[in-house]
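Written below as structure tokens is the structure these notes are about.
Residue numbers (my numbering), protein chains in the order written: chain A, 432 to 545; chain C, 225 to 338.
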């Protein structure tokens with residue numbers, strides 16, 4: 432059964448810093464990996480989707496990488512801002528064709544200090 | 225609609241009552257997913273629908289849970305004889321297809337069983 436782990440569980444940094452969030456998964460037979468952010472009391476907002484054949488995706492100040500063979504992904508946030516404060520979730524889609532949906536990590540709770 | 229819509233946004237119910245949660249996916253999305261997020265926990269996959277195929281119900285926590293979808297539109301998640309452990313945020317997501325496509329989430333329904 433796929434397991435997704437996110438490190439660190441929580442992170443607090445001053446505004447302006449670059450930071451890296453880590454995600455690892457146990458079964459490398461995935462068809463994609465998706466990063467989300469979740470704000471308190473809200474649903475999930477999709478940030479980046481990486482297909483299994485891709486190495487990275489970029490959107491604005493966000494860059495996500497994927498190393499499928501080692502079961503790792505990183506989310507890089509450049510020049511962090513207080514508005515980036517949220518919980519960041521990593522989710523993998525398994526090659527079983529979606530029968531198990533996306534498997535989520537427990538998230539990294541990020542606080543950007545003004 | 226512009227995004228995935230869920231109703232109600234909040235529901236407080238007495239133990240033993242039945243509840244029905246509704247999800248309107250993004251128009252044209254053939255895949256629809258239900259997840260549960262308990263306080264302090266990661267997202268737990270419940271069930272998915274793909275087109276007109278019969279759903280895989282093996283992820284539902286108990287036989288008190290059931291879900292239906294009308295064609296490629298609205299889905300309802302019904303919980304019968306609610307228990308306090310059913311208290312959670314129930315999230316719905318949709319995507320263009322079952323695999324290799326980005327999942328978009330609704331704002332969720334916060335269910336509290338008292």
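Backbone N, C-alpha and C fix where the C-beta goes; we use that ideal spot for every residue, glycine too.
Run through chain C and tell me which residues come within less than 7 Å of residue i, C-beta to C-beta.
i	result
residue 480 of chain A	326
Kindly list, in the order they appear in chain C, the residues whose Cβ is closer than 9 Å to that of residue i.
i	result
residue 533 of chain A	257, 259, 267, 269, 317 and 327
residue 473 of chain A	331 and 332
Roughly how many angstroms lie between the CA atoms of residue i and residue j, to the nearest whole one?
i	j	result
residue 456 of chain A	residue 523 of chain A	8 Å
residue 307 of chain C	residue 338 of chain C	8 Å
residue 313 of chain C	residue 302 of chain C	14 Å
residue 493 of chain A	residue 509 of chain A	7 Å
residue 281 of chain C	residue 532 of chain A	12 Å
residue 287 of chain C	residue 300 of chain C	15 Å
residue 487 of chain A	residue 461 of chain A	15 Å
residue 501 of chain A	residue 458 of chain A	9 Å
residue 254 of chain C	residue 331 of chain C	19 Å
residue 497 of chain A	residue 239 of chain C	44 Å
residue 256 of chain C	residue 294 of chain C	11 Å
residue 248 of chain C	residue 318 of chain C	9 Å
residue 267 of chain C	residue 536 of chain A	8 Å
residue 452 of chain A	residue 507 of chain A	6 Å
residue 447 of chain A	residue 273 of chain C	42 Å
residue 544 of chain A	residue 276 of chain C	48 Å
residue 244 of chain C	residue 472 of chain A	20 Å
residue 242 of chain C	residue 231 of chain C	15 Å
residue 237 of chain C	residue 336 of chain C	6 Å
residue 474 of chain A	residue 233 of chain C	11 Å
residue 325 of chain C	residue 445 of chain A	35 Å
Select from the options the residue whose C-alpha is nearest the C-alpha of residue i.
i	options	result
residue 483 of chain A	A/492, A/464, A/495 and A/491	A/464
residue 442 of chain A	A/535, A/525, A/534 and A/515	A/515
residue 520 of chain A	A/454, A/544 and A/485	A/454
residue 265 of chain C	A/545, A/540 and A/544	A/540
residue 449 of chain A	A/505, A/466, A/480 and A/432	A/505
residue 251 of chain C	C/234, C/298 and C/258	C/298
residue 269 of chain C	C/233, C/277 and C/316	C/316
residue 350 of chain C	A/517, A/503 and A/467	With chain C running from 225 to 338 in the structure shown, residue 350 of chain C is simply not present.
residue 499 of chain A	A/512, A/491 and A/525	A/525
residue 311 of chain C	C/296, C/325 and C/259	C/259
Strictly below 8 Å CB to CB, what residues from chain C border residue i?
i	result
residue 432 of chain A	Result: empty, since nearest Cβ-Cβ is about 11 Å, beyond 8 Å.
residue 491 of chain A	Within 8 Å Cβ-Cβ: nothing; residue 491 of chain A doesn't reach chain C, min ~16 Å.
residue 538 of chain A	266
residue 477 of chain A	326, 327, 328 and 329
Between residue i and chain B, is any beta-carbon pair separated by less than 9 Å?
i	result
residue 523 of chain A	Looking at the structure shown, chain B is missing, and the protein chains on hand are A and C.
Chain-ordered residues of the stretch 455-471 of chain A with a beta carbon less than 8 Å from chain C: 462, 463, 465 and 467
Using a beta-carbon distance cut-off of less than 9 Å, what residues from the stretch 493-513 of chain A approach chain C? none
Runs of 3 residues minimum, wholly inside the stretch 459-529 of chain A: which ones carry the beta strand (DSSP E) assignment? 461-469, 475-482, 487-490, 493-498, 503-508 and 517-525
Please give the ranges of any beta strand (DSSP E) in the stretch 278-316 of chain C, keeping only runs that are unbroken, at least 3 residues long and fully inside the region. 289-293 and 299-303
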